[in-house]
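Beneath this line is the structure, given in structure tokens, with notes to follow.
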């Protein structure tokens with residue numbers, strides 16, 4: 006891929022052995038979509054879940070939160086050789102890309118930045134992310150290497166506060182979670198109206214985030230469950246997701 010910046014950014018990602026394109030992380034997809042939209046070349050460094058903290062400390066990436074009283078290190082992280090900048094947290098990464106590469110499409114323009122952050126910090130975590138996490142957690146573990154799967158199971162069980170085998174397993178609970186996802190997207194439809202993207206004609210970070218969550222859901226639930234969701238939302242979201250197809254070809258963007 007030819008980069009508009011003339012450089013190759015390194016993206017640190019968690020490899021999913023059970024998927025064709027090698028990744029399932031919603032947050033990594035947010036960064037990858039951003040890089041694709043901006044036409045910025047990148048290469049991938051794969052990291053196993055148990056090695057994330059050590060790898061991030063080695064490269065100098067900052068923690069993105071706290072877990073059990075200790076700094077929490079996560080993927081994605083990026084290293085931009087043009088500036089020497091090393092960042093983690095997908096929102097901060099996209100803010101940096103907007104600033105550093107102003108000739109590329111801005112995903113967090115000043116005119117909508119506050120509105121986007123409000124959506125990302127309030128509506129998204131409870132109305133979209135929470136039900137999706139409970140739906141995908143089991144299959145996500147199956148899409149990882151045994152070593153990463155054990156770490157994923159243990160930490161997610163601690164985060165959610167429920168035994169792993171009980172997370173989103175019962176059929177009636179799964180149907181209720183699927184209903185919550187559909188309801189959330191029906192609500193967002195009201196804000197989107199007839200526009201292709203939530204923030205209008207120009208794709209934004211909110212749109213990237215929504216696409217990443219839908220893509221994660223599709224890849225990590227059964228075909229029947231995905232059909233239930235997609236049949237309900239496709240009339241208003243089919244064009245939206247179709248617009249992201251050109252930004253989903255991962256391997257062509259490796260250098």
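Numbering (our numbering), first residue to last: 6 to 260. Glycine is no exception: its CB is placed at the ideal position from the N, C-alpha and C atoms.
Looking only at 176, 149, 142, the smallest Cα-Cα distance to residue 164 is reached by 142. Segment contact: the region 90 to 100 against the region 57 to 67, three or more CB-CB distances shorter than 8 angstroms; contact assigned. In this structure, residue 35 sits near residue 214, with a CB-CB distance shorter than 8 angstroms. Taking the C-beta atoms as reference points, residue 203 is found nearer than 8 angstroms to residue 193. Beta-bridge analysis with DSSP links residue 92 to 83. Taking each of 120, 160, 33, 55 in turn and checking the Cα distance to residue 48, the smallest one comes out for 33. Secondary structure at residue 174: coil, using DSSP grouped into helix, strand and coil.
Apart from the 5 residues on each side of it in sequence, residue 39 sits with its Cβ closer than 7 angstroms to the Cβ of 99, 102, 112, 213 in its chain, given in chain order. In this structure residue 196 is exposed. Its beta-carbon is surrounded by fewer than 16 other beta-carbon atoms within 10 angstroms. Around the CB of residue 71, fewer than 16 other CB atoms lie within 10 Å, so the residue is classed as exposed. Leaving aside the five residues that flank residue 124 on each side, the residues in its chain whose CB is nearer than 7 angstroms to its CB run, in chain order, 211.
Between residue 86 and the set 46, 31, 109, 60, the nearest pair of CA atoms involves 46. Assignment of beta-bridge partners to residue 72 by DSSP yields 75. Within the DSSP secondary-structure output, residue 50 pairs in a beta bridge with 17. For residue 235, the closest of 200, 188, 206 by C-alpha to C-alpha distance is 188.
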